[in-house]
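Peer 1: Questions regarding the structure given below will be posed in turn.
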Amino acid sequence: MLRSMYAGISGMKVNQTKLDVTGNNIANVSTTGFKSSRVRFKDMLSQNMGEAVGPGRSQGGVNGKQVGLGVQVAGIDTVMSQGMMQPTSRNLDVAMDGTGYFIVAKGALPESNAGGIAVSESEHTMSGGAFQVNYTRDGSFTLDHQGNLLTSDGYRVMGYAINEKDDKGNATGDVSIDYNANGAVNFVNADGEFGLKASNTLVPLRIPDSVHMKNSELKSPKIMNYVGSGKLNNDDGSDLLNNQPQIKIEEPTTGVYRGKESLKIEVKFMEKHQFINPEDKKLTDVDAAGYRVFVNGKEYGAIGCKVVIDKSGKIKGEDEFDGTTDNVANVITVGEQAVMPDADKSKYKWEFTLQPECDKKLRSFAIEKDGLVKGVLDDGTVTALGQIATASFKNQEGLKKEGKNLYSNTANSGVPTVRSGLGTPKDLDNGDGYGEMLQGMLEMSNVDLAEQFTDMIVTTRAFQASGKMISTGDEILQDIINLKR
């Protein structure tokens with residue numbers, strides 16, 4: 001009799017566990033990206049009452065006799081089936097339609113891309129970086145006042161910084177994200193000639209109010225030749241002979257120009273036999289507004305900011321006389337039959353810096369299916385702000401729930417496999433199989449209420465039946481005791 005009572009106890013215990021799991025599933029029916037759990041049972045050790053006997057000449061075989069000693073929990077599984085999509089029309093909501101997970105982290109911000117989490121392009125594994133990394137299906141992201149892309153609990157969303165690539169697929173530079181309070185993401189033209197390439201490290205992503213153009217690379221033609229439309233006069237104010245535009249800014253129109261380099265420009269007085277006073281003749285400042293800038297051979301648009309950095313926002317040059325003139329009052333004197341021999345060598349040398357450095361306001365942004373975050377600036381230019389990274393696991397049921405809709409990998413889930421970034425060579429690209437990111441959507445819980453209520457009814461009855469077994473055993477024991485009066 002005691003065996004049945006203890007079997008009833010084991011039945012109550014396991015069904016209590018199943019009720020706990022069912023209750024948690026029902027409680028999280030509205031939790032974003034929640035994955036339901038299920039409980040499986042298995043029988044405990046059975047006690048042999050008789051051994052099995054094989055068939056013989058005189059009689060047939062006899063099966064063994066066993067009495068079970070109860071039930072125990074076989075496992076609690078996480079059901080990783082896809083949840084339904086809920087439209088939210090919020091641009092910071094992203095649903096993962098597939099088996100991928102968003103990579104989120106806490107930790108000190110890196111000073112540059114090199115301080116991020118390195119991703120092996122061939123193995124697609126992560127290494128390095130001073131971050132506590134977790135994974136989530138909850139794409140209800142937020143922004144703080146610095147533009148950091150975060151989960152609702154402040155975990156930073158990790159992703160790739162984006163560079164422009166050349167015709168050979170190599171990155172043309174190393175675009176870094178500025179994490180200062182007022183820092184802006186550097187400008188990367190999303191409509192470049194050769195496309196985009198992701199960095200090989202994961203860093204916290206930002207969607208700032210503005211985009212900085214300091215490190216953008218200007219290629220041919222970077223500056224159009226400028227011919228002055230004004231006129232030069234003699235010292236007495238009279239017109240020069242053959243008065244045509246005579247001041248020309250020459251070179252450069254080819255090659256690669258980077259932001260902090262200097263550009264030497266010669267201003268030559270082309271005509272001889274004219275009175276020119278180099279102390280008085282200067283180029284008028286040229287306003288940058290309206291000039292065109294080309295990025296990777298394609299027109300970027302009219303400049304609405306400073307091309308040359310100075311407080312007034314105009315192109316300015318400090319004149320440096322580089323030529324020979326008459327030492328008296330620096331005037332080139334011309335007689336009826338006398339021409340100064342070196343007058344044609346007289347020239348001014350202008351040197352200024354072309355730094356397309358300005359902040360463009362971010363009008364809106366969009367997250368594409370591959371995680372690429374594109375921003376639309378106030379002048380209509382489209383810029384790449386980064387690419388949201390995702391990871392997958394060989395055994396996603398082996399992930400450990402950490403609370404806050406977060407998971408961590410375990411020994412049985414395996415290490416995460418990170419999705420390749422943009423511009424990865426085809427033979428190394430593992431982009432298939434992770435799923436697509438759907439902006440303006442959230443993945444709902446995959447809890448099926450009808451199934452959970454049915455399980456709850458069955459489990460409750462099983463719990464009651466196990467308890468009844470104990471009370472029934474008690475009644476039988478009472479009857480046995482009452483045999484002796």
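With full-length UniProt numbering applied, the sequence shown corresponds to residues 1 to 485, in that order.
Even glycine gets a Cβ: it sits at the ideal position worked out from N, Cα and C.
Predicted model only: the values in this text are computed from it and were never measured.
What are the residues that DSSP puts in a beta bridge with D97?
Peer 2: Answer by DSSP bridge pairing, in chain order: E436.
Peer 1: Pick helix, strand or coil for E51, following the three-state DSSP scheme.
Peer 2: Here E51 sits in coil by DSSP.
Peer 1: Could you give the DSSP three-state label for M126: helix, strand or coil?
Peer 2: Strand at M126.
Peer 1: First and last residue of the beta strand (DSSP E) that includes A384?
Peer 2: That run of the beta strand (DSSP E) goes 382-388.
Peer 1: Counting C-beta neighbours from all protein chains within 10 Å, is the total for Q16 16 or more, i.e. buried, or is it exposed?
Peer 2: Q16 is exposed by the Cβ-count criterion.
Peer 1: Here's the rule I'm using: 16 or more other beta-carbon atoms within 10 Å means buried, otherwise exposed. How should R156 be labelled?
Peer 2: Buried.
Peer 1: Going by C-alpha distance, which of T383, D479, D43, G107 is nearest V360?
Peer 2: A quick correction: the sequence has Lys, not Val, at residue 360. Measuring from the Cα of K360, the nearest candidate turns out to be T383.
Peer 1: What three-state label does DSSP hand V447 in the structure shown?
Peer 2: Here V447 sits in coil by DSSP.
Peer 1: Going by alpha carbons, who is nearest to I26 out of F453, S471, R461?
Peer 2: Ranking F453, S471, R461 by Cα distance to I26 puts F453 first.
Peer 1: Tell me, to the nearest whole angstrom, how far the beta carbon of K18 is from that of V39; I am working on the premise that it is less than 8 Å.
Peer 2: About 4 Å; that satisfies the 8 Å criterion.
Peer 1: For L428 and A130, what's the separation of their Cα atoms in angstroms?
Peer 2: Cα-Cα distance, rounded: 26 Å.
Peer 1: Assuming contact is defined by CB atoms lying nearer than 8 Å, are Y160 and A389 in contact in what I supplied?
Peer 2: It is a contact, given that the beta carbons lie within the stated cut-off.
Peer 1: Determine the burial state of V119: buried for a count of at least 16 other Cβ atoms within 10 Å of its Cβ, exposed for fewer.
Peer 2: Label assigned to V119: buried.
Peer 1: Pull the bridge partners of N163 from the DSSP assignment, please.
Peer 2: Paired residue(s): K197.
Peer 1: Mapping the DSSP letters down to three states, classify Y226 as helix, strand or coil.
Peer 2: The predicted position of Y226 is uncertain, since its pLDDT is 37 and thus under 50; no value can be drawn from it.
Peer 1: Using a 10 Å radius around the Cβ and a threshold of 16 neighbouring Cβ atoms, would you call I476 buried or exposed?
Peer 2: By the neighbour-count rule (16 or more Cβ atoms within 10 Å), I476 is not buried but exposed.
Peer 1: Is S471 near G11, with beta carbons less than 8 Å apart?
Peer 2: Going by C-beta atoms, S471 is not nearer than 8 Å to G11.
Peer 1: Using CA coordinates, which residue listed in P416, L143, G440 is at the minimum distance from H124?
Peer 2: The residue with the shortest Cα to Cα distance from H124 is P416.
Peer 1: Quick check: what's the CA-CA separation for M456 versus S37?
Peer 2: Straight-line Cα distance between these residues: approximately 13 Å.
Peer 1: For S127 and A105, I'd like the C-alpha separation in whole angstroms.
Peer 2: Looking at the two C-alpha atoms, the distance is approximately 13 Å.
Peer 1: What residue range does the beta strand (DSSP E) around V21 cover?
Peer 2: Element bounds for V21: not the beta strand (DSSP E) but the alpha helix (DSSP H), 2-27.
Peer 1: Skipping 5 residues on each side, what residues in its chain have a beta carbon closer than 8 Å to that of G435?
Peer 2: So the list reads M96, D97, G98, T99, G100, T390, once near-sequence residues are dropped.
Peer 1: Identify which residue in N405, M441, P425, S413 has its Cα closest to the Cα of N28.
Peer 2: Looking at the Cα atoms, N405 is the closest of the given residues.
Peer 1: Is DSSP giving I480 helix, strand or coil here?
Peer 2: Here I480 sits in helix by DSSP.
Peer 1: Please state whether the Cβ-Cβ distance between E397 and T78 is less than 8 Å.
Peer 2: Yes; because the gap between Cβ atoms is below 8 Å, this pair is in contact.
Peer 1: What residue does the beta strand (DSSP E) around K42 start on, and which one ends it?
Peer 2: From DSSP, the beta strand (DSSP E) with K42 extends over 37-43.
Peer 1: Decide if Q387 is buried, meaning its Cβ has at least 16 other Cβ atoms within 10 Å, or exposed.
Peer 2: With 16 or more other Cβ atoms within 10 Å, it is buried.
Peer 1: Go through the stretch 66-118 residue by residue and report every complete run of the beta strand (DSSP E) that reaches 3 residues or more, in order.
Peer 2: Those beta strand (DSSP E) runs which fall completely within the stretch 66-118 and span 3+ residues are 71-78, 85-87, 94-97, 101-107.
Peer 1: Can you check whether the CB of M158 is closer than 8 Å to the CB of V94?
Peer 2: Not a contact, by the Cβ cut-off of 8 Å.
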